[in-house]
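Right, one structure below, let's go through it.
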Amino acid sequence: MPLLRSFLLLASLTTLPAVADEQAFYHITSQQCAVVDSLPVFTQELRPEQIADTYRIELLFPEYRALTSAERRLVPTLRRQLGAPTSPLIRQTRFTDRGKPVLAVSFCPFVWHKGQWKYVTSCQLRAMPLHTAPRATRGQTDAAERWTTQSVLAQGKWAKIRVKQEGIYQITPTFLRKLGFNSPERVKVYGYGGLQQNEVLAFGAESAAIDSKRVADDLTEVPTLRNAGKIL
33 MPLLRSFLLL
43 ASLTTLPAVA
53 DEQAFYHITS
63 QQCAVVDSLP
73 VFTQELRPEQ
83 IADTYRIELL
93 FPEYRALTSA
103 ERRLVPTLRR
113 QLGAPTSPLI
123 RQTRFTDRGK
133 PVLAVSFCPF
143 VWHKGQWKYV
153 TSCQLRAMPL
163 HTAPRATRGQ
173 TDAAERWTTQ
183 SVLAQGKWAK
193 IRVKQEGIYQ
203 ITPTFLRKLG
213 FNSPERVKVY
223 GYGGLQQNEV
233 LAFGAESAAI
243 DSKRVADDLT
253 EVPTLRNAGK
263 IL
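Written out as structure tokens, the structure reads:
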């Protein structure tokens, strides 16, 4: 019995931003940060042009500002959780989209700079490849990378909605607010491509719903049309 792909997931782009190239320049505001363990965290996804096994994320040309009074109240938490880093402590998670590497990069934008706590207002992020597997072993590496290391559900704010059948659905700002999303422009829709899904998922089989032709092992983003604040 086929199981209808009836669940669409909405993710706040506060923590799931649009994918960018690996050398873009970013302006970091408090509105772009999600609060994680009482501290703001900026997250960005990078698409390196060169495929490699591992990458080093470089934060270049940072610009700073003084902390606001509200941010100064976070200093005890900063010291307890981060110490006094002179450069943002960067975390990265790698996954594969349509056979290409994507790096989810995140960091808290507070640093200890010239004897004071500062907020990083802008910087450039660069993904530097560290090691590329020999061509003879590339097939084994690609097979290992077939499976995502972290689901998209691990970050962001999510809500699950049910649809009764395949088709085009309209999501209104009012409906989003009822789900707790106040910024429709920062919402993405995830699911299984909007089609019916067999009850038994054959991950090694081909799928007409996704470009990779293989059944995804994680939720994939559903194409949307945005018009007058509504999402189709």
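Residue numbers 33 to 264, in the numbering used here, belong to the letters of the sequence shown in order.
All C-beta atoms, glycine included, are put in the ideal place defined by N, C-alpha and C.
This one's a predicted model, so the numbers in the text were calculated from it and none came from an experiment.
**Request:** Could you name each continuous alpha helix (DSSP H) segment of 4 residues or more that falls completely within the segment 47–115, going from the start of the chain to the end?
**Result:** 101–104, 107–114
**Asked** For Ala159, which option in Lys150, Trp149, Ala136, Pro117 has the closest C-alpha, if you only look at C-alpha atoms?
**Response** Along the sequence shown, one-based indexing puts residue 159 at 127. Checked all of Lys150, Trp149, Ala136, Pro117; the closest Cα to Ala159 is Ala136.
**Prompt:** DSSP state of Thr206, grouped into three classes?
**Reply:** Numbered from 1 along the sequence shown, position 174 holds the residue referred to as residue 206. Correct three-state label for Thr206: helix.
**Asked** Rounded to the nearest angstrom, how far is the Cβ of Ile263 from that of Val221, given a contact under 8 Å?
**Response** The count along the sequence shown starts at 1 and reaches residue 263 at position 231. The count along the sequence shown starts at 1 and reaches residue 221 at position 189. Going by Cβ atoms, the distance from Ile263 to Val221 rounds to 7 Å, so yes, they are a contact pair.
**Request:** Look at the alpha carbon of Glu77 and the alpha carbon of Gly147, and state the distance between them as a whole number of angstroms.
**Result:** Along the sequence shown, read from residue 1 onward, the residue named residue 77 stands at position 45. Along the sequence shown, read from residue 1 onward, the residue named residue 147 stands at position 115. So the two alpha carbons sit approximately 31 Å from each other.
**Asked** Applying the criterion that 16 or more other CB atoms from any shown protein chain within 10 Å of the CB defines a buried residue, is Leu251 buried or exposed?
**Response** The count along the sequence shown starts at 1 and reaches residue 251 at position 219. With 16 or more Cβ atoms within 10 Å of its Cβ, Leu251 is classed as buried.
**Asked** Taking three-plus beta-carbon pairs below 8 Å as touching, is the segment 108–115 in contact with the segment 139–156?
**Response** yes
**Prompt:** Of the residues Val219, Leu211, Tyr151, Thr204, which one's Cα is nearest the Cα of Ala99?
**Reply:** The count along the sequence shown starts at 1 and reaches residue 99 at position 67. Going by the sequence as given, residue 99 is Leu instead of Ala. Comparing Cα-Cα distances from Leu99 to each of Val219, Leu211, Tyr151, Thr204, the minimum goes to Tyr151.
**Message:** Rounded to the nearest angstrom, what separates Val254 and Val219 at their Cα positions?
**Reply:** If you number the sequence shown from 1, residue 254 lands on position 222. If you number the sequence shown from 1, residue 219 lands on position 187. Val254 and Val219: Cα-Cα distance of roughly 11 Å.
**Request:** Give me the Cα-Cα distance between Glu183 and Thr125, rounded to the nearest whole angstrom.
**Result:** The sequence position of residue 183 within the sequence shown is 151, counting from 1. The sequence position of residue 125 within the sequence shown is 93, counting from 1. According to the sequence as given, residue 183 is Ser; it is not Glu. The straight-line gap from Cα to Cα measures roughly 10 Å.
**Request:** Please classify Arg218: does DSSP put it in a helix, a strand, or coil?
**Result:** Mapped onto the sequence shown, residue 218 falls at position 186. Under the three-state reduction of DSSP output, Arg218 falls in the helix class.
**Message:** What would DSSP say about Val134, mapped onto helix, strand or coil?
**Reply:** Taking the first residue of the sequence shown as 1, we reach residue 134 at position 102. When DSSP states are grouped into helix, strand and coil, Val134 belongs to the strand group.
**Item:** Per-residue burial, Ile60 [other beta carbons within 10 Å of its own, 16 or more giving buried]
**Value:** Along the sequence shown, one-based indexing puts residue 60 at 28. Classification of Ile60: buried, given that the 10 Å Cβ count is 16 or more.
**Prompt:** Do you know offhand how far Gln202's Cα is from Cys65's?
**Reply:** Here residue 202 is taken as the residue at index 170 of the sequence shown, counted from 1. Here residue 65 is taken as the residue at index 33 of the sequence shown, counted from 1. Between Gln202 and Cys65, the C-alpha separation is close to 28 Å.
**Item:** Residue from Thr86, Leu71, Trp190 with nearest C-alpha to Val107
**Value:** In the sequence shown, the residue the question calls residue 107 occupies position 75. When each option's Cα is compared against that of Val107, the closest is Leu71.
**Request:** With a cut-off of 8 Å on the beta carbons, I'd call Ser138 and Thr75 a contact; round off their distance for me.
**Result:** Locating residue 138 in the sequence shown gives position 106, counting from the first residue. Locating residue 75 in the sequence shown gives position 43, counting from the first residue. Going by Cβ atoms, the distance from Ser138 to Thr75 rounds to 4 Å, so yes, they are a contact pair.
**Asked** Relative to the C-alpha of Glu103, which residue among Ser62, Phe93, Gly131, Phe127 is closest?
**Response** Within the sequence shown, the letter at position 71 stands for residue 103. The shortest C-alpha separation from Glu103 is found at Ser62.
**Asked** By Cβ distance below 7 Å, which residues in the same chain neighbour Pro216 in space, the five residues on each side in sequence not counted?
**Response** Within the sequence shown, residue 216 is the residue found at index 184, counting from 1. Cβ within range, chain order: Pro205, Leu208, Gly261, Ile263.
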